[in-house]
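A.B. asks: Protein chains in written order, with this note's numbering: chain A, 1 to 295; chain B, 296 to 566.
From the three backbone atoms N, C-alpha and C, an ideal C-beta is built for every residue, glycine too.
Only a predicted model underlies this, so the values are computations on that prediction, with no experimental measurement involved.
(1) Among residues of its own chain, excluding the 5 on either side of residue 261(A), which ones have a beta-carbon nearer than 6 Å to its beta-carbon?
(2) Give the residues of chain A in contact with residue 555(B), contact being defined as C-beta atoms less than 9 Å apart.
(3) So is residue 80(A) in contact with chain B if we call contact Cβ pairs under 8 Å?
(4) Throw me the rounded Cβ distance for the residue 374(B) and residue 442(B) pair, which I believe falls under 8 Å.
(5) Could you check which residue in 129(A), 95(A), 139(A), 149(A) has the C-alpha nearest to that of residue 166(A)?
(6) Could you work out which residue in 476(B), 521(B), 395(B) is closest to residue 505(B) when comparing CA atoms only?
(7) Can you list the residues of chain A that residue 502(B) reaches, using a CB-CB cut of under 8 Å?
(8) Please identify the residue among 155(A), 151(A), 120(A) whose C-alpha is closest to the C-alpha of residue 545(B).
(9) Taking only runs of the alpha helix (DSSP H) that begin and end inside the region 160-243 of chain A, which ones reach a length of at least 4 residues, in chain order?
(10) Taking its Cβ as the centre, do 16 or more other Cβ atoms sit within 10 Å of residue 244(A), making it buried, or is it exposed?
(11) State the DSSP-derived secondary structure class of residue 138(A), mapped to helix, strand or coil.
(12) Hey, is residue 374(B)'s beta-carbon within less than 8 Å of any beta-carbon in chain A?
(13) Within 8 Å (strictly less), CB to CB, does residue 48(A) reach chain B?
(14) State yes or no: is the beta carbon of residue 132(A) nearer than 8 Å to at least one beta carbon in chain B?
(15) What does residue 488(B) touch in chain A if you count any residue whose Cβ is under 7 Å from its own?
(16) From the DSSP output, which residues share a beta bridge with residue 58(A)?
(17) Since residue 277(B) is in the alpha helix (DSSP H), which residue starts that stretch and which ends it?
(18) Rounded to whole angstroms, what is the Cα-Cα separation between residue 288(A) and residue 221(A)?
(19) I need the DSSP call for residue 475(B), collapsed to helix, strand or coil.
(20) Using a C-beta to C-beta distance shorter than 7 Å, which residues of chain A count as neighbours of residue 313(B)?
(21) If we ignore side chains and look at the alpha-carbon of each, how far apart do residue 585(B) and residue 445(B) end up?
(22) With a threshold of 7 Å on Cβ separation, who are the neighbours of residue 378(B) within its own chain once the five nearest residues in sequence on each side are excluded?
(23) Tell me the DSSP bridge mates of residue 334(B)?
(24) Can you have a look at residue 525(B) and say buried or exposed, based on whether 16 or more other CB atoms are within 10 angstroms of its CB?
(25) In the region 60-116 of chain A, which residue ranges form an unbroken alpha helix (DSSP H) of at least 4 residues, counting only runs that do not cross its ends?
(26) Below 8 Å on the Cβ atoms is my guess for residue 33(A) versus residue 381(B); work out the distance and round it to an integer in Å.
(27) Going by the beta-carbon positions, is the gap between residue 186(A) and residue 83(A) smaller than 8 Å?
(28) When we look at the beta-carbon of residue 141(A) and count the other beta-carbons within 10 Å, is it buried (16 or more) or exposed?
(29) Under 8 Å, do residue 432(B) and residue 514(B) count as touching if we go by C-beta distance?
(30) Determine, using beta carbons only, whether residue 535(B) comes closer than 8 Å to chain A.
(31) At which residues does the alpha helix (DSSP H) containing residue 394(B) begin and terminate?
(32) Could you pull out every residue in the same chain whose Cβ sits closer than 7 Å to the Cβ of residue 135(A), ignoring the five residues on either side in sequence?
(33) How about residue 543(B) and residue 173(A): do their beta carbons lie closer than 8 Å?
(34) Between residue 501(B) and the rest of its own chain, which residues show a CB-CB distance below 6 Å, the 5 nearest in sequence each way excluded?
(35) Could you have a look at residue 279(A) and say whether DSSP puts it in helix, strand or coil?
(36) Chain A partners of residue 317(B), CB-CB under 8 Å?
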């Protein structure tokens, strides 16, 4: 009706006014949602952004200077990034292997494995850390088994390799659940067609499957990295906060027993978010350059 | 043809090996915890000495465990009830009156994903600790923050159900038959959402039950939930904590099973 030309100005205005009044009531139904979302999601974020630039009530970059001068905080970032990168890459590789094979086996087993993956994605945080202590701790069954066969001298679960193992463990279910639908893009005939044309299995994966999957792979990788960088419960439960990752640094600055520095914690949070944003941007750029964008 | 058969046989074996291999490694921590929770003692040996159900008995008769479990159930139920009350009308309004807002909503619900809980806690602690509304240390702040955690899942699941039901046609039909908008929403739209809603509720319940970061940083021992109790029990016997972990996991298993039961049916129809 608004598109008709005969509408005179005043009538149009009246109509828009009536329309506004009509939408006021439904708009009010959005209000409670908006209030809660603001109170528990937006307001804390805004607090972090603003207060990272505040020192004693005045604007300053001191907290950021402190981060760039503190080797301790930088070590936290390095450890976090190291764990996040490797656990994401390894987790993704294992997930690709699993999903590509899953699509080739009997559907009953497949459904069972997917259901199991769904469930094990909940096996994270504190319970996971405890399970790892049982199997890979100093007297863990697996540690003893590997020692007996002379495969390892000792295994320090509470250092970077133990943490990496645990991170990979909680990345795999997430990666599988994210990748599984993406493999629909691969038609079953393609591999046969490639084989008929003389391509080896490796060539098929290298030249056809991986390029087709690349947007999904990159997208999954970014979620895995964000998941690993933000992880806190599992590291904290495994090492009681003694291993220096950035989330443990932030938490100890706001909830430790001494030296509370919420504004420094806010600045570290900001750097963390910037790193995540930067990784996402690179990722978007890579996706834009990948197979699907070209076709 | 025979050559192809040999090939497919080979690849079938390969695919089975891969799947079973990875799944058994993934099962290892869970099975080890289960065995540990059932063994009377398991010291510096590869296999346990004997089996018992004592640890479960001890756990289930610990009033502190029961209290923590009850608190967790209470908080999760309360936050999911809050989420449902806030999210369903909001999605209805967005889909029926402001369809253009859906894009903005899809962006907003990414925030709880993109911002790690530790970062949110920094702001939450300062805003609600010594302010006019001192809810830090009380279950109230957990209910509010758990709403944000559940939001992306609930929004996606319910929005999917909304797009599947031809909302405008349903509402027009109801209006024609003399129903008010509220009646149409309550009697027509809501029953149609039931499955998607229940699936997302059970799923959200299962991961809210495992939430540790907010519970630890914002409330801690002042209102001991299941995960906090689990963490505080770390110094006690490993068998006891294993029984605790397995009890928790059994519960999660039940919830994910319920969720899949409710979400499996529409998927079967769409196939």
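C.D. replies: Per the coordinate set shown:
(1) 253
(2) 115, 118
(3) no
(4) 5 Å
(5) 129(A)
(6) 521(B)
(7) 122
(8) 120(A)
(9) 160-179, 188-196, 201-204, 210-230, 233-239
(10) buried
(11) coil
(12) no
(13) yes
(14) yes
(15) Chain A residues near residue 488(B): none, gap ~16 Å exceeds 7 Å.
(16) 55(A)
(17) Because chain B spans 296 through 566 in this model, residue 277(B) falls outside it and cannot be assessed.
(18) 15 Å
(19) coil
(20) 97, 98, 101
(21) Absent from the model: residue 585(B). The displayed extent of chain B is 296 to 566, so no value can be given.
(22) 442, 445, 446, 449
(23) 346(B)
(24) buried
(25) 62-69, 71-102
(26) 4 Å
(27) no
(28) buried
(29) yes
(30) no
(31) Looking at the DSSP string, residue 394(B) is not in any alpha helix (DSSP H), and its letter there is neither H nor E.
(32) 141, 142
(33) no
(34) 547, 550, 551
(35) helix
(36) 94, 97, 98, 172
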